[in-house]
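Trainee: Structure below; questions to follow.
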Amino acid sequence: MFSRALCLFALVAIAASGPTHPRNVTLVPKQTNKQIYIHWMPWFENRQTNTNGQWGIHWTMANRNPDNIIGPDNQREIAAHYYPEIHPYGSADPITLDYQIQSMKMAGVDGILIDWPGTVQANDLPKNHENCMAMINRLEGSGLQFGVVYEDRNLENTGDRIGQARRDMEFARDNFFSRGNYIRYNINAPLMLVFGPIILQSPSEWDQVFSVLPQKPTFLTLWYESQDAGANAQGEYAWIYSDFMDGLNNFYDNRPLPVKMGVAYPGFYDYYREGGWGDSYFFIAHEGLTTFQRTLNRALQSDVPMIQVGTWNDYGEGTMIEPTREFGNGFLNILANTLGVPVGDKEFNLVKELFFRRKDAEAKKDFALTQKLEEVNELINSVQYERAAELLRAI
Numbered sequence: 002m003f004s005r006a007l008c009l010f011a012l013v014a015i016a017a018s019g020p021t022h023p024r025n026v027t028l029v030p031k032q033t034n035k036q037i038y039i040h041w042m043p044w045f046e047n048r049q050t051n052t053n054g055q056w057g058i059h060w061t062m063a064n065r066n067p068d069n070i071i072g073p074d075n076q077r078e079i080a081a082h083y084y085p086e087i088h089p090y091g092s093a094d095p096i097t098l099d100y101q102i103q104s105m106k107m108a109g110v111d112g113i114l115i116d117w118p119g120t121v122q123a124n125d126l127p128k129n130h131e132n133c134m135a136m137i138n139r140l141e142g143s144g145l146q147f148g149v150v151y152e153d154r155n156l157e158n159t160g161d162r163i164g165q166a167r168r169d170m171e172f173a174r175d176n177f178f179s180r181g182n183y184i185r186y187n188i189n190a191p192l193m194l195v196f197g198p199i200i201l202q203s204p205s206e207w208d209q210v211f212s213v214l215p216q217k218p219t220f221l222t223l224w225y226e227s228q229d230a231g232a233n234a235q236g237e238y239a240w241i242y243s244d245f246m247d248g249l250n251n252f253y254d255n256r257p258l259p260v261k262m263g264v265a266y267p268g269f270y271d272y273y274r275e276g277g278w279g280d281s282y283f284f285i286a287h288e289g290l291t292t293f294q295r296t297l298n299r300a301l302q303s304d305v306p307m308i309q310v311g312t313w314n315d316y317g318e319g320t321m322i323e324p325t326r327e328f329g330n331g332f333l334n335i336l337a338n339t340l341g342v343p344v345g346d347k348e349f350n351l352v353k354e355l356f357f358r359r360k361d362a363e364a365k366k367d368f369a370l371t372q373k374l375e376e377v378n379e380l381i382n383s384v385q386y387e388r389a390a391e392l393l394r395a396i
């Protein structure tokens, strides 16, 4: 529930073995050997998906009410400067997950880095964790891989921080790392990122946390924070900060590390002040689609083996590349075109149309139509876009 940038204010390539994709899935070709991952937030709820029947706090913040219709085509009042084309959703909704997975795959993404809260039982964290599992299960058979970005900030009020972190690692060991589509790098170790670290800031603490694992992960901290994990950290990943291109250039050119991950992002325009969640942090103009193109190009030109797109859907900070009313499919088109994937608005709109048709059939409880639309869904999953479009037109 806190900022992706907040800890940056508070805290002021070895060759990587490429991931092995599961068999019997159809992949989208791209023209780069760098691995492209996308950071996905699991924390959105609407009235249909939330256990209490209320809108989740990441659509409302402190003072917004999505029940209020404020624009055309039933545009709801949400705590964001940008509005998702599929309207405010719940992160565990299977039709929404299919739409997101298919859109990412079309654009040339290799996998998803899931913002994982751990297993702490507080606030909305259990539901966020549940949503993470929904995404992971939905990814099966898609051809996309996944990894996790661990939020050690959630350990702050747990009492036994080391014990809770060890339980989180045990869960990751048994439920994430054992899956065939989990991202692995460097001597086949599972890749794990940490958003910080913020709470566990000594190597000895991470020694204890990782002692429950048979193999330590390829562990990346936020840029300039690897000393907090000591030898447990193999490197760092770049992120979004107010120094923009200067910061990125300095990291790519002047930060020697065994493993580095780059970043591409569309801008930064948070809603915290307007939403009643304190002050805003900084501002990076989107400049239409230009900022995303610049940061993506710079990462591709660097020697990093991996690039993280930040983010798919952090609406509260305005870093989303998910299609919105303001930007349409623009960021996905930039990503696909830059990676050499032969898709465009036609294909992205196909996925969007299928989403709305499936939601309509779901609302009407039209099970026969739902079954027909599932055939279209499977064709898209297998990258048969023309056949999928033909079948959808015929339904």
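Numbered according to the working numbering, the sequence shown spans residues 2 to 396. Every residue, glycine too, gets a C-beta built ideally from N, C-alpha and C.
(1) Name the two residues that bound the continuous alpha helix (DSSP H) containing Leu201.
(2) Thinking C-beta only, is Gln294 closer than 9 angstroms to Ile335?
(3) Measuring alpha carbon to alpha carbon, tell me which of His82, Phe196, Gly231, Gln49 ends up nearest Arg65.
(4) Hey, out of Thr292, Asn298, Glu327, Leu290, whose CA is closest to Leu340's CA?
(5) How about Glu78 and Ile87: are their beta carbons less than 9 angstroms apart?
(6) Could you tell me the alpha carbon to alpha carbon distance between Phe368 and Thr97, rounded to whole angstroms?
(7) Near Asp346, which residues of its chain fall below 6 angstroms by C-beta distance, leaving aside the five closest residues on each side in sequence?
(8) How would you call Met246, buried or exposed, if buried means at least 16 neighbouring beta carbons within 10 angstroms?
(9) Round the Cβ separation of Val195 and Asp153 to the nearest angstrom and send it over; I've been treating them as touching at under 8 angstroms.
(10) Which two residues bound the contiguous beta strand (DSSP E) that contains Lys261?
(11) Please name the residue, chosen from Leu28, Lys31, His40, that lies closest to Met262 on a Cα-to-Cα basis.
(12) Taking the continuous beta strand (DSSP E) assigned at Phe283, which residues delimit it?
(13) Would Trp44 pass as a contact of Gly54 if the rule is Cβ separation under 9 angstroms?
(14) What did DSSP end up calling Ala80 once you bin it into helix, strand or coil?
(15) From the DSSP output, in three-state form, read off Asp94 for me.
(16) Less than 9 angstroms between the C-beta atoms of Thr219 and Pro267, yes or no?
(17) Here's a check: name, in chain order, each residue in its chain whose Cβ is nearer than 6 angstroms to the Cβ of Ile381, leaving out the five neighbours to either side.
(18) Look at the alpha carbon of Thr1 and the alpha carbon of Ser212, and state the distance between them as a whole number of angstroms.
(19) Report the option in Asn176, Phe147, Gln216, Glu171 whose CA atom is closest to the CA atom of Ile184.
(20) Does DSSP put Met193 in a helix, a strand or coil?
(21) Could you name the residues of the same chain whose beta carbon sits closer than 6 angstroms to that of Ala190, not counting the 5 residues immediately before and after it, in chain order?
(22) Span of the beta strand (DSSP E) holding Glu237?
(23) Looking at the secondary structure, which residues open and close the alpha helix (DSSP H) in which Phe357 lies?
(24) For Leu223, write down the residues that DSSP places opposite it in a beta bridge.
(25) The alpha helix (DSSP H) with Met307 in it runs from where to where?
(26) Under 9 angstroms between the Cβ atoms of Leu249 and Val264?
(27) For Thr325, list the residues DSSP reports as bridge partners.
(28) Hey, would you say Leu351 sits closer than 9 angstroms to Tyr386, going by beta carbons?
(29) DSSP beta-bridge partners for Tyr38?
(30) Please report the straight-line C-alpha distance between Asp175 and Gly109, rounded to a whole angstrom.
(31) Quick check: what's the CA-CA separation for Cys8 versus Val377?
(32) Using the beta-carbon count (16 or more within 10 Å), is Asn132 buried or exposed?
(33) Can you list, in chain order, the residues of its chain with a C-beta nearer than 8 angstroms to that of Arg139? Leave out the 5 residues immediately preceding and following it.
(34) With distances taken Cα to Cα, identify the nearest neighbour of Asn34 among Glu354, Pro306, Ala232, Tyr225.
(35) From Arg48 to Gly236, what distance separates their C-alpha atoms?
(36) Round the Cβ separation of Gly197 and Asn155 to the nearest angstrom and send it over; I've been treating them as touching at under 8 angstroms.
Mentor: Let's see:
(1) From DSSP, Leu201 is part of no alpha helix (DSSP H); its letter is neither H nor E.
(2) Taking C-beta atoms as the reference points, Ile335 and Gln294 count as a pair closer than 9 angstroms.
(3) Residue His82 holds the alpha-carbon nearest to the alpha-carbon of Arg65 among His82, Phe196, Gly231, Gln49.
(4) In terms of Cα proximity to Leu340, the closest of Thr292, Asn298, Glu327, Leu290 is Asn298.
(5) Taking 9 angstroms as the Cβ cut-off, Glu78 and Ile87 do not qualify as a contacting pair.
(6) Answer to the nearest angstrom: the Cα atoms are 18 angstroms apart.
(7) Contacts found: Asn330.
(8) Classification for Met246: exposed.
(9) Between Asp153 and Val195 the Cβ distance is about 6 angstroms, and since that is below 8 angstroms, they are a contact.
(10) Taken as a continuous stretch (DSSP letters only), the beta strand (DSSP E) holding Lys261 covers 260-265.
(11) In terms of Cα proximity to Met262, the closest of Leu28, Lys31, His40 is His40.
(12) Run containing Phe283: none; DSSP gives neither H nor E here.
(13) In this structure, the beta-carbon distance from Trp44 to Gly54 does not fall below 9 angstroms.
(14) Ala80: coil per DSSP, three-state reduction.
(15) Here Asp94 sits in coil by DSSP.
(16) No. Outside cutoff.
(17) For Ile381, where only same-chain residues beyond five positions count, the Cβ hits under 6 angstroms are Gln103, Ala389.
(18) The question about residue 1 has no answer here: the residues shown for the chain are numbered 2 through 396.
(19) Relative to Ile184, the option among Asn176, Phe147, Gln216, Glu171 whose CA is nearest is Phe147.
(20) Met193: strand per DSSP, three-state reduction.
(21) Close CB contacts of Ala190 within its chain, under the 6 angstroms cut and outside five residues either way in sequence, are with Gln216, Pro218, Thr219 (chain order).
(22) First-last of the beta strand (DSSP E) with Glu237: 236-238.
(23) For Phe357, the uninterrupted alpha helix (DSSP H) run begins and ends at 346-365, by DSSP.
(24) Looking at the DSSP assignment, Leu223 forms a beta bridge with Tyr238.
(25) Premise fails: Met307 lies in the beta strand (DSSP E), 307-310, not in any alpha helix (DSSP H).
(26) Going by C-beta atoms, Leu249 is nearer than 9 angstroms to Val264.
(27) Partner residues in the beta bridge of Thr325, as assigned by DSSP, are Pro85, Gly329.
(28) Closer than 9 angstroms, so yes.
(29) DSSP output for Tyr38 lists Gly112, Gln309 as bridge partner(s).
(30) About 29 angstroms.
(31) Residue placement at Cys8 is poorly supported in this model, since its pLDDT is 40, which falls under 50; the coordinates still yield a value, given next. Their backbone Cα atoms lie some 43 angstroms apart in a straight line.
(32) It counts as buried.
(33) The residues Pro95, Leu98, Asp99, Ile102, in chain order, have a CB closer than 8 angstroms to that of Arg139 in the same chain once the five nearest residues on each side in sequence are set aside.
(34) It is Pro306 whose Cα lies nearest to the Cα of Asn34.
(35) Cα to Cα, Arg48 sits roughly 41 angstroms from Gly236.
(36) Not confirmed; about 11 angstroms, so no contact.
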